[in-house]
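K.L.:
Have a look at this one before I ask anything.
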Amino acid sequence: MKKRGEYYITQFFYLNLQTLIFIGKMKQLKFLMVALTLLMGISFTSCLNSDSNSDNTQGHFARVKQGDMTTGYTPYFEDFVGNKLLPTTASLTQIEANGDFKMSSSNFAFITYKLVETEGTTKSESEVTPSSYDITLLTAVACDGPTPIMVESDEAMENTVVENAPIFTLIYNTGYSYSPFLYDKETLFLPIYYKMENKVEQVKQHKLNLVCNFEGITSESTEIVFYVRHDRGTDEKNDVLNVAYNGYNIKTAIARFSALTGNEPKKVVVKVKETGEYSSSNTMPEEYTTYSCEFKAGSAITKNN
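The opening position of the sequence shown corresponds to residue 2 in this note's numbering, with each subsequent residue numbered one higher.
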């Protein structure tokens, strides 16, 4: 039964499983194997305050905060409605020792956890009265994209931010639709699919930069436009499909837009050079594919027709 406050992580894990099936040979890519481990290790859907969820495992995206006076400057996670999730020292130490995740160098992550049980513990679903909770951290995967680049013209973008390969798509329809979305007004989350050589070491060659281009912005503008630019480095092959789950911090770009126009944007537009999910080609298309959403926390980004 669907409850208010339910986290829909089913699609997240099924998407990763379908991606693993699709790429077949690419079994050593760290992120995809982490996703498969999570898939096998926890419930697909976690319901807040659900009696049927006996192990109380929860999973969702969260901001990583480096601590404040209320937490004794101890790092914590913050969920969509502002709840503070404080991992126990033991669980965080174990996660950081056994993997690549480091809380001190992460800004956005996908986490799974259990609430530390105390009498009457339930998690707040209210956007007005968020609270703090001690948690046992089970898994954590950093989802930080590169710092967005701001330019003043198309020419500056072409001359300063390399783009030498297309992406496959931002929405991969495997039967489980998982869309990019605006996590909040500071974080743009994009699942970016692209092709690469069937070697795990080649992942580091690929850069997926997000560029905010302010050319043509006036006091009348209502749309902020971002471009995803794929630099494949020295990887010249297209053997397999990989996916990067990137959370881009767009706070500075939004502030710049607001300074130029006097208002927040009404719409977020994302433009990409993509081949499309049904294409076997990896040739750079001439035209952009455009995605957009309302500038509102939680808005799903959809492909424009």
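Positions of the beta carbon are idealized from the N, C-alpha and C atoms, including for glycine. Bear in mind the structure is a predicted one, so any value in this text is a computation, not a measurement.
Residues in its own chain within less than 6 Å of Q203 by CB, not counting five upstream and five downstream?
P.N.:
M197, D236
K.L.:
Check each candidate in R233, E153, K85, V244 and name the one with the smallest Cα separation from S132.
P.N.:
K85
K.L.:
If you reduce the DSSP assignment to three classes, tell me which class Y258 lands in.
P.N.:
Sequence check: residue 258 is Phe here, not Tyr. Three-state DSSP puts F258 in a helix.
K.L.:
Can you check which of these residues, N305, Y74, M158, A301, is closest to F190 by C-alpha distance?
P.N.:
Minimum Cα distance to F190 is reached at A301.
K.L.:
What is the DSSP secondary structure of V204, counted as helix, strand or coil?
P.N.:
helix
K.L.:
Need the endpoints of the alpha helix (DSSP H) that S92 sits in, please.
P.N.:
90-99
K.L.:
Keeping to the same chain, check which residues put their C-beta closer than 6 Å to that of L215; ignore five residues upstream and five downstream.
P.N.:
In the sequence on display, residue 215 carries Phe and not Leu. So the list reads E153, once near-sequence residues are dropped.
K.L.:
Whole-angstrom Cβ separation of G68 and P76, contact assumed at under 8 Å?
P.N.:
5 Å
K.L.:
Are R230 and Q206 touching if we call contact CB-CB under 8 Å?
P.N.:
no
K.L.:
State the start and end residues of the unbroken alpha helix (DSSP H) segment that holds T161.
P.N.:
155-161
K.L.:
In whole angstroms, give me the CA-to-CA distance for Y184 and A298.
P.N.:
6 Å
K.L.:
Look at the Cβ atom of F296, then the Cβ atom of P266, and state whether they are nearer than 8 Å.
P.N.:
yes
K.L.:
Using only alpha-carbon positions, find the residue among Y74, I225, V212, S92 that is nearest to G263.
P.N.:
Minimum Cα distance to G263 is reached at I225.
K.L.:
Identify which residue in D145, Y114, K186, L209 has its Cα closest to the Cα of F169.
P.N.:
L209
K.L.:
Output the distance between the C-alpha atoms of S220 and L261, rounded to the nearest integer angstrom.
P.N.:
Here the alpha carbons of L261 and S220 stand approximately 6 Å from one another.
K.L.:
Taking one C-beta from the segment 58-67 and one from the segment 102-112 each time, how about it: are there three or more such pairs within less than 8 Å?
P.N.:
yes
K.L.:
Per DSSP, Y77 forms a beta bridge with which residues?
P.N.:
K66
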